[in-house]
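*Asks:* For reference, the structure I am asking about is given below.
In the numbering used here, the protein residues as written are 1221 to 1604.
Laid out in structure tokens, this is it:
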């Protein structure tokens, strides 16, 4: 009789005969295996006879993603995708350099020497930045910390691998747009057609709320509260599945209402849509911002020196709040930052804030630099 069973440990063994890539491509659901009782007993015999493989890499990785990351931590799809890509790169690296098939990768292939070689490969061969390298290594370290609990026999080697240091990253000056530059960009979108109206609304929401591109594309009409008494707001689902509600200006609320009427949108529709009525992607948002910024540079040439992205608007919102005298802890709450240290970088980037602080300082007199030492330094020392 043919039946279907869900059995994660069996998947961990059979995956060696299929390919570990399947595990990485289908993390959101269990694999359904058609088996009869005879096949089932044969597989169970394999499990009993090969106990040493129960804590091998494949089942540990599967359990890490499905049980820990998805079920327990409930991380976002973006995080799953990022971690999945990190492991795909790592397995490809191990296969190409050490000639070990992905099916045959074991925990001993996660030593500190392997991580160091992987980091060098990302830097030299793939030309990845330090921040990207740290991101890939961080995903692997997260898995290793989980593996140390599930398979304590690997604790010693994992402890050494976790000691692999992060690469130092450059911290470039933060880019943000000024009010006149924003108005120039807004002026390129007259709102006379659907695309122009959408782009204008997109700019207004980004500049008003400081939301991330991933948050912007996931706004549905049910997330928007419109009121002409100044209490309009948008509900966002941010990083780590953190929900927040951000107030919006009357002008933003008024234009959103106009756009909804123009598009005949319903409560389940996404606010930002493509021409095909599908939700826009983050790359799609970025492309539109690039086009709009290039057009606006005619009126504001300073935009030519800036790489304007959706995240630039987030920086701009934070700077506007800071320059308006809003407390940094309030700005951190507005932006959804877990640590106030993340928000502190806006204070570092604000040249106007530094200039105002300098104006409050008393300038040093030139006379302070006219000191002349005594002729005999030994005589001076004798007086002490």
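Virtual Cβ for every residue (Gly too), placed ideally from N, Cα, C.
#1: How would you label residue 1351, buried or exposed, when you count the other beta carbons within 10 angstroms and need 16 or more for buried?
#2: Who are the near neighbours of residue 1461 in its chain, counting only those whose CB is closer than 7 Å to its CB and skipping five residues on each side?
#3: Does the structure place the segment 1467-1485 close enough to the segment 1500-1514 that three or more beta carbon pairs sit under 8 Å?
#4: Take residue 1388 as the anchor and find which of 1373, 1339, 1366 and 1419 has the nearest alpha-carbon.
#5: Grouping DSSP H, G and I as helix and E and B as strand, with all else coil, what is residue 1487?
#6: Under 8 Å Cβ to Cβ from residue 1474, same chain only, skipping five residues before and after it: list those, please.
#7: Pull the bridge partners of residue 1463 from the DSSP assignment, please.
#8: Following the continuous alpha helix (DSSP H) through residue 1416, name the residue where it begins and the one where it ends.
#9: What is the DSSP secondary structure of residue 1389, counted as helix, strand or coil?
#10: Using the Cβ count rule (16 or more neighbours within 10 Å means buried), how would you classify residue 1312?
#11: Given residue 1280, which residues of its chain have a CB within under 7 Å of its CB, disregarding the five upstream and five downstream residues?
#12: For my contact list, residue 1556 and residue 1459 are in at a C-beta cut-off of 8 Å; report their separation, rounded to the angstrom.
#13: Count the other C-beta atoms from every protein chain shown that fall within 10 angstroms of the C-beta of residue 1535, then say buried if there are 16 or more, exposed otherwise.
#14: Along the chain, where does the alpha helix (DSSP H) that runs through residue 1536 open and close?
#15: Is residue 1541 buried or exposed, if buried means 16 or more other CB atoms sit within 10 Å of its CB?
#16: If you run the structure through DSSP and keep just helix, strand and coil, what is residue 1439?
#17: How is residue 1444 classed by DSSP in three states: helix, strand or coil?
#18: Within its chain, find whatever has a CB closer than 6 Å to the CB of residue 1401; leave out the 5 residues flanking it on each side and keep chain order.
#19: Ordered along the chain, which non-local residues of its own chain (more than five positions away) have a Cβ less than 8 Å from that of residue 1353?
#20: Closer than 8 Å by C-beta to residue 1329: which residues in its own chain qualify, once you throw out the five before and the five after it? Chain order, please.
#21: For the alpha helix (DSSP H) that residue 1316 lies in, which residues bound it at each end?
#22: For the segment 1428-1446 and the segment 1476-1491, state whether three or more C-beta atom pairs, one from each stretch, are separated by less than 8 Å.
#23: Where residue 1348 and residue 1355 are concerned, what is the direct C-alpha to C-alpha distance, given to the nearest angstrom?
#24: Following the continuous alpha helix (DSSP H) through residue 1499, name the residue where it begins and the one where it ends.
#25: Can you name the start and end residues of the alpha helix (DSSP H) that residue 1286 belongs to?
#26: Mind checking which residues open and close the alpha helix (DSSP H) that includes residue 1394?
#27: Run through DSSP, which three-state label would residue 1558 get?
#28: Just to confirm the assignment: which complete beta strand (DSSP E) runs, minimum length 3, are found wholly within the segment 1323-1375?
#29: Pop quiz: residue 1537 and residue 1427 are said to be a contact at Cβ under 8 Å. What is the actual Cβ separation, rounded to whole angstroms?
#30: Let me know if residue 1380 comes out buried or exposed under the rule of 16 or more other beta-carbons within 10 Å of its beta-carbon.
#31: Would you check if the distance between the CB atom of residue 1404 and the CB atom of residue 1516 is smaller than 8 Å?
#32: Is residue 1546 near residue 1564, with beta carbons less than 8 Å apart?
*Replies:* In this structure, then:
#1: exposed
#2: 1294 and 1296
#3: no
#4: 1339
#5: coil
#6: 1448
#7: 1457
#8: 1414-1429
#9: coil
#10: exposed
#11: 1367, 1370 and 1371
#12: 7 Å
#13: buried
#14: 1530-1543
#15: buried
#16: coil
#17: strand
#18: 1520 and 1523
#19: 1339, 1342, 1343 and 1387
#20: 1277, 1314, 1318 and 1320
#21: 1297-1318
#22: yes
#23: 11 Å
#24: Looking at the DSSP string, residue 1499 is not in any alpha helix (DSSP H), and its letter there is neither H nor E.
#25: Where residue 1286 is concerned, there is no enclosing alpha helix (DSSP H), given that its DSSP letter is neither H nor E.
#26: Premise fails: residue 1394 is in no alpha helix (DSSP H) and is neither H nor E.
#27: coil
#28: none
#29: 6 Å
#30: exposed
#31: yes
#32: no
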